[in-house]
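Below: the structure, in structure tokens.
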Amino acid sequence: MKILSLLVSDKVIIDNDTKKVTIEGIFDSIGALNFPAKHKELTVSLITHGTAGKHHYKISITKDNKEIASVNEEVSTGTNHRFFARFTDIVFPEPGVYAVKAIVDKEELTTDFNLNLLKEIPKL
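Each residue of the sequence shown is one higher than the last, beginning at 14 in my numbering.
See below:
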């Protein structure tokens with residue numbers, strides 16, 4: 014399978030009737046007032062394309078090559094597939110750059126996001 018896209022967001026909602034996907038809160042950085050910091054919900058979304066059949070999907074979140082959390086699943090797919098890995102109450106030990114790595118069979122795609130220490134909550 015070829016990975017066509019990888020997005021990190023707060024939440025993904027799939028409409029039961031239309032199967033349309035709504036992705037809420039796409040981000041490339043997170044702010045926290047202290048560490049370790051707990052993030053309530055984080056979803057990694059993949060779109061893949063390839064041969065129909067069983068495929069191995071692994072999504073991992075790492076810091077300095079140390080795995081913080083991961084989702085590992087074998088999935089039966091068609092030629093096009095949407096895969097969503099939901100992480101809840103994930104704990105980030107320190108500020109810095111974290112990597113989200115997606116591996117589908119042998120195809121790999123990685124994106125980074127920053128976790129920043131905030132002095133106060135920004136006012137909107």
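Every residue gets a Cβ at the ideal spot worked out from N, C-alpha and C, and that includes glycine.
- When the five nearest sequence neighbours on each side are left out, the beta carbons in the same chain lying within less than 6 Å of the beta carbon of phenylalanine 100 are those of Leu55, Ala82, in order along the chain.
- The count of Cβ pairs closer than 8 Å, one atom from the stretch 72-90 and one from the stretch 99-115, reaches three, so the stretches are in contact.
- Under the three-state reduction of DSSP, leucine 55 is assigned to strand.
- In the three-state reduction of the DSSP assignment, leucine 46 falls in the coil class.
- If you check the CB distance, glutamate 37 and lysine 51 do not come in under 9 Å.
- Here glutamate 80 is bridged, per DSSP, to Thr75.
- Secondary structure note for asparagine 129: its beta strand (DSSP E) is the uninterrupted segment 120-130.
- By the CB criterion at 9 Å, leucine 19 and histidine 62 fall outside the cutoff.
- For aspartate 41, no beta strand (DSSP E) encloses it, and the DSSP letter there is neither H nor E.
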